[in-house]
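See below for the structure under consideration.
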Amino acid sequence: MTSIWTFLQITIIALQSISLILYAILPPPWNGTVLLVTVILSLLVACGVWIWTHRTSLTSPLQQPFLSSNSLKLFEQVFNDLPTRVYWRDSELNLLGGNHAFCRDIDIDDDELSGKSDDQITLLAKSRILFDRDQQTLANQHPSCNEEIELELSSGKRWVEHSSVPLYDEDGHVIGILGSYYDISSIKSVAEQMERAKETAEQANQAKGEFLANMSHEIRTPINAIVGMANLCLKTELNQKQKRYLRVIDSSSQALLGVINDILDFSKIDAGKLSIERIPFDLQDVLTSLADMFAYKAYDKDLEFIINLPANIPTRLLGDPLRLNQVLVNLVSNAIKFTEDGEINVAVTLLEKSEQQVWLRISVSDTGIGMDEEQRANLFQAFTQADTSTTRKYGGTGLGLAISRRLITLMGGDIGVTSGVGQGSTFYIELTLPLQDEQDTSHHQYLMQKLEGVRVLAIDDNLSTREMLQEMLRSYRVDVRVCRTAEQALTLYQESLEEQQPFDLILVDWRLPGMDGLAFCQKIQQQYSDEQRPKLVLATGYYVEELNDKARQAGVADILSKPYTAATLGRSLSTTLSPSAEQPRSVDEAHVRVPDSIRHAPVLVVEDNEINQQVARELLTSHQFKVDIAEHGQAALDAIAQKRYAIVLMDIQMPVMDGLTAA
């Protein structure tokens, strides 16, 4: 008997320990379930031991185990050490027994509990919650588990997690209720504190968001004015020193604006308020925009800027072009920032294609300073740069890559880097993007028909650019040769004449070692007759105004802006080789022109800042729009009531009535 009792004690202690550990680890409601299961297992063990030791007395149906003094004593001994309050009732819901913890809670001695009704116990009589739940369990003959209730106990009002189960005899008749509860007041208090802390944090986050939004508006307004005025000044007659000063003002203002945008975007992502769109877009347009944005910066540092989009990659996709462009802008900006010599190469690779989607890798490689393993490990953390000296030398917030990673993650993609100290870096993003229902290949097919068999000589001193040009032109079925210098090109062209297979067109970079591109064109102009002379296309990393007249005098048919893209290159070659394209076009003619149909259209600008009003008026009138100004939303509504406008450009934050309310 002693060994059985020892086994019972060890089993109960083990179950109790496991219960407490699991209760602390598991979240609700599982922790409450663990407590109930522990109580039931303890009862089963105790019942099993009791039945085995009293097996001879069970033959009499009159001896009900839950009413016998021996059984009550056994149960009391088993459960007295449990922190869980345990009690049991008969079928009339009178209390038959409970452990020490339960008796202490209801302020009654252990030996006075048996046979008592709730009305006879002061604390239970005050509140019928416990009785009502047990009565419901008895009526439903179904367990009631993990219900949070508040009880008036000897220690005061306490929150408990209550469970009760019906007890059956051998014939399946309900003979009583086993109930238990666990004091969760401290847990609930902690949960309430956490909820209050969460609400406080949300309020603080909302206040932070409102503050950032207000500060964003207050800071952006003067910065936009500075940028706008600098751009307007750059369009006037200035000497080189004045232009240089204004470009410094413009670039510095743009840098400050970029810092503000980074902080705002990071705040939005951190608050989970930034969503990713799924709209139709053309990857070619994204890369063309990237080329336009960074052509001058790369040119200014004498870097070769290459964009390689193979013709076999579908470009009409579904996704968020704005956020994709934001990531690429950050990667290219960093590449230019940390590269003093060499090239920046943006390459698109098709990893996998199906009927519905494409898996693309877009990489941005540079020949810059590179990074070691430790620096790479910290790259994508917010407010962190590869080296503290980096911030001092190159500037920046350290937010760009952290934002880029989060954006790419929101798009369902991946971003990474390979790099070595002094070996440059390659940042890459991998995205799976759905295809649009129809891929427009008509333009490519048209260019391929016009350019098939055309002989082109391309001159560029950068190996990566030459390789890209070869691949790009061959996609149009062009018979292409490449060389590094103008001197080599003169030899190759002379040989082609002698072989009676002259080149139809020569594409030449303006900046070359030795003889530059313009001098090469002048040489061709002087050396060959009109019948022998090929069409000439001059490529430049950034448009220089005085180049137009010199190029025209040198017989240049077109000026092409670098970096090359398949669309601009194909269009330039096609137009140049057609009879209608004899005169050179300047680079700025590639920018969007206002169609004649909307020139002189009335435009209403709603803006409260006088400087921004002036900037908007100057920019719009320069494109021959008719501009009216309103200082706030109410003034805009009054103006619209009196006049029909083609478009209204409205600020959001304004006095009297804001833009959203007015809209």
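In case it helps, this note's numbering puts the sequence shown at residues 4 to 666. C-beta: ideal position from N, C-alpha, C; glycine also.
Give the C-beta separation of residue i and residue j to the nearest angstrom, bearing in mind that I take them to be a contact with Cβ-Cβ under 8 Å.
i: V361; j: L312; result: V361 to L312, Cβ: 13 Å. No contact.
i: T239; j: D285; result: Going by Cβ atoms, the distance from T239 to D285 rounds to 35 Å, so no, they are not a contact pair.
i: L99; j: R107; result: Wrong, their Cβ atoms sit about 18 Å apart, outside the cutoff.
i: G322; j: L436; result: 5 Å
i: I266; j: L353; result: The pair is not a contact, with the Cβ atoms about 36 Å apart (cut-off 8 Å).
i: I272; j: I411; result: Actually they are not in contact, since the Cβ atoms of I272 and I411 sit about 11 Å apart, beyond 8 Å.
i: G517; j: E498; result: About 19 Å separates the two Cβ atoms, so there is no contact after all.
i: I229; j: S256; result: 5 Å
i: F297; j: V335; result: 5 Å
Buried or exposed: residue i, going by 16 or more other Cβ atoms within 10 Å of its Cβ?
i: I54; result: A caution first: I54 carries a pLDDT of 48, below 50, which makes its placement in the model unreliable, though a value can still be read off. Exposed is the call here.
i: M653; result: buried
i: N465; result: buried
i: S278; result: exposed
i: P587; result: With a pLDDT of 40 at P587, under the threshold of 50, the predicted position of this residue should be treated as unreliable, though the coordinate-derived value follows. The residue is buried, with at least 16 neighbouring Cβ atoms inside 10 Å.
i: N34; result: Low per-residue confidence applies at N34: pLDDT is 48, beneath 50, and the placement is therefore not dependable enough to give any value.
i: Q287; result: buried
i: G636; result: buried
i: A665; result: buried
i: S532; result: exposed
i: M471; result: buried
i: I111; result: buried
i: L663; result: exposed
i: E205; result: exposed
i: H176; result: exposed
i: I24; result: Because I24 carries a pLDDT of 48, less than 50, the predicted location of this residue cannot be relied on, and the following value inherits that uncertainty. The residue in question, I24, is exposed, as its Cβ has fewer than 16 Cβ neighbours within 10 Å.
i: Y496; result: buried
i: E195; result: exposed
i: Q378; result: buried
i: R647; result: exposed
i: L348; result: Here residue 348 is Asn; the residue named in the question, Leu, does not match the sequence. So N348 ends up on the buried side.
i: Y185; result: buried
i: V659; result: exposed
i: D305; result: exposed
i: F308; result: buried
i: E115; result: exposed
i: R326; result: buried
i: R131; result: exposed
i: Y90; result: buried
i: D591; result: Confidence in D591 is poor, its pLDDT being 38 and thus under 50, which makes the residue's placement unreliable; the coordinate value appears in the next sentence. When all chains shown are included, D591 counts as exposed.
Have a look at the options and flag the residue whose alpha-carbon is nearest the alpha-carbon of residue i.
i: V330; options: Q530, E433 and M451; result: E433
i: A294; options: V367, H626, N83 and L249; result: V367
i: I601; options: T140, A619 and I650; result: I650
i: G425; options: E376, I187, S292 and P169; result: E376
i: V262; options: Y431, G544, L640 and L404; result: L404
i: M616; options: M657, I347, W91 and D369; result: For the sequence presented, residue 616 should be read as Gln rather than Met. Checked all of M657, I347, W91 and D369; the closest Cα to Q616 is M657.
i: T421; options: T370, Q448 and I655; result: T370
i: V168; options: L154, D137 and P537; result: D137
i: A522; options: T429, L539 and I152; result: L539
i: R364; options: V335, E343, P324 and G419; result: G419
i: A554; options: K526, G573 and S577; result: K526
i: L259; options: T224, T203, Y248 and R514; result: T224
i: M451; options: A570, P505 and A560; result: A570
i: S147; options: M414, A633 and D135; result: D135
i: Q144; options: Y90, C236, G416 and S94; result: S94
i: F341; options: T429, L334 and I372; result: I372
i: Q556; options: I310, Y299 and Q528; result: Q528
i: C524; options: Q503, S183, A560 and S499; result: A560
i: D303; options: P324, E346 and I316; result: E346
i: D253; options: G231, N242 and D114; result: G231
i: L622; options: E474, E164, N234 and F105; result: N234
i: A338; options: Q257, R281 and Y431; result: Y431
i: N328; options: I132, Y248, R484 and M414; result: M414
i: L576; options: P537, N551 and H603; result: P537
i: L85; options: L96, F105 and S255; result: F105
i: Y479; options: I124, F506, L126 and R574; result: R574
The stretch 599-609 contacting the stretch 566-584, beta-carbon criterion three pairs below 8 Å
Under the Cβ criterion (8 Å, minimum of three pairs), the stretch 599-609 does not count as touching the stretch 566-584.
At which residue ranges does the stretch 141-205 contain complete beta strand (DSSP E) runs of 3 or more residues, listed in the order of the chain?
147-156, 159-171 and 177-186, all fully within the stretch 141-205.
Kindly provide the ranges of any alpha helix (DSSP H) runs that are 4 or more residues long and lie completely inside the stretch 304-383, ordered along the chain.
With a minimum length of 4 residues, the continuous alpha helix (DSSP H) runs that stay inside the stretch 304-383 are 324-340 and 376-380.
Write down every uninterrupted run of the beta strand (DSSP E) in the stretch 459-538 whose length is 3 residues or greater and which is fully enclosed by it, in chain order.
482-486 and 508-512, all fully within the stretch 459-538.
Would you call the stretch 571-582 in contact with the stretch 611-630, where contact means no fewer than 3 C-beta pairs closer than 8 Å?
Too few Cβ pairs lie closer than 8 Å, so no.
Count Cβ pairs between the stretch 501-510 and the stretch 449-462 that sit closer than 8 Å; are there 3 or more?
Contact check between the stretch 501-510 and the stretch 449-462: three or more CB pairs, one atom from each, fall below 8 Å, which counts as touching.
Which parts of the stretch 264-292 are runs of the beta strand (DSSP E), unbroken and 3 residues or longer, counting only runs that do not cross its ends?
Runs of the beta strand (DSSP E) inside the stretch 264-292: 282-285.
Hey, which unbroken runs of the alpha helix (DSSP H) at 4 residues or more fall wholly within the stretch 93-118?
Within the stretch 93-118, the complete alpha helix (DSSP H) runs of at least 4 residues are 103-108.
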